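Visitor: The structure that follows is given in the form of structure tokens.
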Amino acid sequence: MSNSAGIKRTLALLHSAGETEFTVPLSCLLPGEVKEFTGPEVTVLEARAAALKGEIFTQIALLLETYFLDGSTGLTEKKTNVINVARLLPDEKIRPGNTVEVDVEATVDRNWLPREEMNQDRQTTMLAGKAKIALKYSAYAEEEVTFLRPAAAEEAAAEAEAIKIETILTHFKELFDLSLPLESEEVLPKAEKFSGCLANQRATVLYNWVKVEGDLVVTAEKENGTAAGDSYVFPVKYFVEVKGAREGMDACVTGQVPFFIREEQDEKQHLLRGLLRLEGRLTGEETLQVAAERGTGSLYHSPHDHFQVEEIVSSGSSQLLIERQIFFRRPVRAIREPVDARVRNLRHEVINNKVIVRGVLHKQLFAVDAHSGTVFLHEVDESFVHFVDVPGARPGMRAQVNAHVEFVKVDISPDKESARQVAIIAFRVRVKRLVKKEKIFKPPHHPQPSPKKEIIYIVRSGDTIWKISRMFGVPMEAIIAANNLKNPDLIFPGQKLIIPK
1 MSNSAGIKRT
11 LALLHSAGET
21 EFTVPLSCLL
31 PGEVKEFTGP
41 EVTVLEARAA
51 ALKGEIFTQI
61 ALLLETYFLD
71 GSTGLTEKKT
81 NVINVARLLP
91 DEKIRPGNTV
101 EVDVEATVDR
111 NWLPREEMNQ
121 DRQTTMLAGK
131 AKIALKYSAY
141 AEEEVTFLRP
151 AAAEEAAAEA
161 EAIKIETILT
171 HFKELFDLSL
181 PLESEEVLPK
191 AEKFSGCLAN
201 QRATVLYNWV
211 KVEGDLVVTA
221 EKENGTAAGD
231 SYVFPVKYFV
241 EVKGAREGMD
251 ACVTGQVPFF
261 IREEQDEKQH
271 LLRGLLRLEG
281 RLTGEETLQV
291 AAERGTGSLY
301 HSPHDHFQVE
311 EIVSSGSSQL
321 LIERQIFFRR
331 PVRAIREPVD
341 ARVRNLRHEV
351 INNKVIVRGV
361 LHKQLFAVDA
371 HSGTVFLHEV
381 DESFVHFVDV
391 PGARPGMRAQ
401 VNAHVEFVKV
411 DISPDKESAR
421 QVAIIAFRVR
431 VKRLVKKEKI
441 FKPPHHPQPS
451 PKKEIIYIVR
461 SGDTIWKISR
471 MFGVPMEAII
481 AANNLKNPDL
491 IFPGQKLIIP
501 K
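See the structure below:
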């Protein structure tokens, strides 16, 4: 990782950043005769981005929810739609291989118009409206940069500065075989296929290992891709061997499930077989001397001869306790555990010494009817606002926010029509500021005669006029006179001095 010229580190250098707004048409089909309805609410379920040549491909999954009064039954019902939005954003700096991070916020237009229709001899109501999407993106490229060693920085007649940065140590990936037992009498016969994802994942770095924990959420689907009405949560824990991993490092991990195969053991026992693909990277925080020169062999090339990196300002962590009452549509006798609980629509704002985190805690409760014994889905969305202390944070800085559900518990009340739910969300926040480093002048150790009449020298810690005069072979009196120094013994690091020739 190092040589005599300097210390080489792999960084995620910022290549481009921007923001945009656009509107998308939305629609929601309500069954039956609708007497009243509420304006739909929209939630960002997921936002992904990929780098193309000169463009960014973004894919956003929006959850549209509305409540309506069914005129035929007199009951209040809830309709949910998942809408996928894809956009290409032009940016000439973007290249394939860049990592793109996006922050998306969606708001709906309240002027929704209902239109009654006949669908297969059945009356329905179509709601039509629009949503405004506000999107911010940052594109990064992993590149090698050489930093000066402290001794080399002292020898260089260049402006050196110590900054705290996140360096990328290594990437890792691992495949794990899944064998998940399921019991169901109603849902599985209807399901044609299954999909899975890793939620609430968290990684702990150990000596040469990374421990990955989370909730594997498996959803049963019909042949047309719609949900069969059930999902299952499996708490998982895996260990990935990563040479060089040490306590104090950080790991960022994602999990994907490529496929599932169902094996029937008997009428009630089923086994889901599949693969879990874990991918991640190991990072560490370091304080290094950043100076002008990047050493020979650096992979970084820029016609403007500069690079942009994000300096770590500070970090903070906190937990939020959410304790509320839940009311069911009908009496229940049990809730299937573990509960599928995730944080959605996560947004943040950086203020002085704090980061405001907003989001929605979404829970899918599969409840057992107290009378019939059938299982029905009861969804709960709880908005939250939380403040995380991050000393040194200032408006305009960028924050990385990680939130996962640490604990969730639902206790049914004696009346069986409500329940007390307790959830704990853990937050980890890191605030950064953008640093742009320009290539600056670095004279040779033994200055050679130059056609220039003067040289600008930047004072370093420990410098004196006598040392500077010896370095450049210029009389002390000439340096004092050229800079009009009233007290030659009073110079300070960063001060620019004219060296006459």
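Residue numbers (the working numbering): 1 to 501.
For every residue, glycine included, the Cβ atom is placed at its ideal position computed from N, Cα and C.
The model shown is predicted, which means the values in this text are computed figures rather than measured ones.
(1) With DSSP as the reference, label K211 as helix, strand or coil.
(2) Would you check if the distance between the CB atom of P31 and the CB atom of T124 is smaller than 8 angstroms?
(3) Leaving out five residues before and five after L299 in sequence, what residues of the same chain have Cβ atoms less than 6 angstroms from its Cβ?
(4) Decide if the region 427-438 is in contact with the region 234-247; the criterion is three or more beta carbon pairs, one per stretch, under 8 angstroms apart.
(5) Which residue marks the beginning of the beta strand (DSSP E) containing I94, and which one marks its end?
(6) Can you pull the DSSP bridge partners for H171?
(7) Going by the CB atoms, is the gap between A50 and S138 shorter than 8 angstroms?
(8) Can you list, in chain order, the residues of its chain whose CB lies under 7 angstroms from that of C28, leaving out five sequence neighbours each side?
(9) Using 10 angstroms around the beta-carbon of K173, count the other beta-carbons present and answer buried if the total reaches 16, otherwise exposed.
(10) How would you call A156, buried or exposed, if buried means at least 16 neighbouring beta carbons within 10 angstroms?
(11) Assign E477 to buried or exposed, taking buried as 16 or more other Cβ atoms, counted over all protein chains shown, within 10 Å of its Cβ.
(12) Please look up how many angstroms separate the CB atoms of K35 and L69, rounded, as I've assumed it's under 8 angstroms.
(13) Starting from the Cα of F57, find the closest Cα among V42, E101, T73 and give me that residue.
(14) Using 8 angstroms as the threshold, is the C-beta distance between A199 and D215 below it?
(15) Can you give me the Cβ contacts of T20 inside the same chain, cut-off strictly under 7 angstroms, excluding the 5 residues immediately before and after it?
(16) With DSSP collapsed to three states, give me the class of E323.
(17) Please determine, among R433, A370, Y232, T107, the residue with the shortest C-alpha to C-alpha distance to D415.
(18) Using only CA atoms, which one of E263, S413, G359 lies nearest to S383?
(19) Counting only the same chain and skipping the five closest in sequence on each side, list residues whose C-beta sits under 6 angstroms from that of S318.
(20) So, are the CB atoms of K363 and V380 less than 8 angstroms apart?
(21) Taking Cβ positions, are Y207 and E247 nearer each other than 8 angstroms?
(22) Distance, Cα to Cα, T43 vs G462?
(23) Going straight from the alpha carbon of P331 to that of A419, what length do you get?
(24) So what's F492 in DSSP terms, helix, strand or just coil?
(25) Measuring straight from C-alpha to C-alpha, what distance separates A106 and G494?
(26) With which residues is G196 paired in a DSSP beta bridge?
(27) Between L178 and L276, how many whole angstroms is the CB-CB distance? I'm expecting something under 8 angstroms.
(28) Taking 8 angstroms as the threshold (C-beta atoms), are N111 and Y140 in contact?
(29) Check the DSSP bridge columns for K409 and list the partner residues they point to.
(30) Among the residues of its own chain, which have a CB less than 6 angstroms from the CB of V459, if the five just before and after it don't count?
(31) Quick check: A131 and D103, are their CB atoms within less than 8 angstroms of each other?
(32) Beta-carbon separation of E310 and K432 under 8 angstroms?
(33) Is DSSP giving E477 helix, strand or coil here?
(34) Would you mind giving the Cβ-Cβ distance between Q325 and A162, rounded to the nearest angstrom? I have them listed as a contact below 8 angstroms.
(35) Can you tell me which of the three DSSP states N487 falls into?
(36) Beta carbon of T254, beta carbon of E279: below 8 angstroms?
Guide: Reading off the structure:
(1) Residue state, collapsed to three classes: strand.
(2) Their beta carbons are under 8 angstroms apart, which means P31 touches T124 by this criterion.
(3) Summary for L299: the model assigns pLDDT 29, below 50, so the residue's position carries little reliability; its value from the coordinates is reported in the next sentence. So the list reads E143, E144, once near-sequence residues are dropped.
(4) Contact annotation: the region 427-438 does not touch the region 234-247, with fewer than three C-beta pairs closer than 8 angstroms.
(5) Element bounds for I94: n/a, residue is neither H nor E.
(6) DSSP lists R281 as partners of H171.
(7) For S138 and A50, no; Cβs fall outside 8 angstroms.
(8) In chain order, P40, L64, T66, K79, N81, L127 place their CB closer than 7 angstroms to the CB of C28, counting only its own chain and leaving out the 5 sequence neighbours on each side.
(9) Exposed, by the Cβ-count rule.
(10) Confidence is the limiting factor: at A156 the pLDDT is only 48, short of 50, which leaves the residue's position unreliable and the question unanswerable from this model.
(11) E477 should be labelled exposed.
(12) Indeed they touch by this definition, with Cβ atoms about 4 angstroms apart.
(13) With distances taken between CA atoms, F57 lies nearest to E101 out of V42, E101, T73.
(14) In contact: A199 and D215 (Cβ atoms closer than 8 angstroms).
(15) The beta carbon of T20 sits closer than 7 angstroms to those of L89, L135, all from its chain and outside the five residues before and after it, given in chain order.
(16) Strand at E323.
(17) If we check each option's Cα against that of D415, A370 comes out closest.
(18) When E263, S413, G359 are compared, the shortest CA-CA separation from S383 is found for G359.
(19) Closer than 6 angstroms at Cβ, skipping near neighbours: V388, F427.
(20) It is a contact, given that the beta carbons lie within the stated cut-off.
(21) Yes, Cβ-Cβ distance for Y207 and E247 is below 8 angstroms.
(22) If you take the alpha carbons of T43 and G462, they lie about 58 angstroms apart.
(23) Rounded to whole angstroms, P331 to A419 spans 10 angstroms at the Cα level.
(24) In the structure shown, F492 sits in coil (DSSP, three-state: anything other than H, G, I, E or B).
(25) Per the coordinates, the alpha-carbon of A106 lies some 47 angstroms from the alpha-carbon of G494.
(26) Per DSSP, V218.
(27) Rounded, the Cβ-Cβ distance is 6 angstroms, consistent with contact.
(28) Judged by their CB atoms, Y140 and N111 are not nearer to each other than the 8 angstroms cut-off.
(29) Answer by DSSP bridge pairing, in chain order: V422.
(30) Answer for V459: I491, P493, Q495, listed in chain order.
(31) No, they are not a contact pair.
(32) Taking 8 angstroms as the Cβ cut-off, E310 and K432 qualify as a contacting pair.
(33) Of the three classes helix, strand and coil, the one that applies to E477 here is helix, per DSSP.
(34) Contact between Q325 and A162 is absent: CB atoms are separated by about 52 angstroms, not below the 8 angstroms threshold.
(35) Coil.
(36) Cβ distance < 8 angstroms, so T254 and E279 count as in contact.
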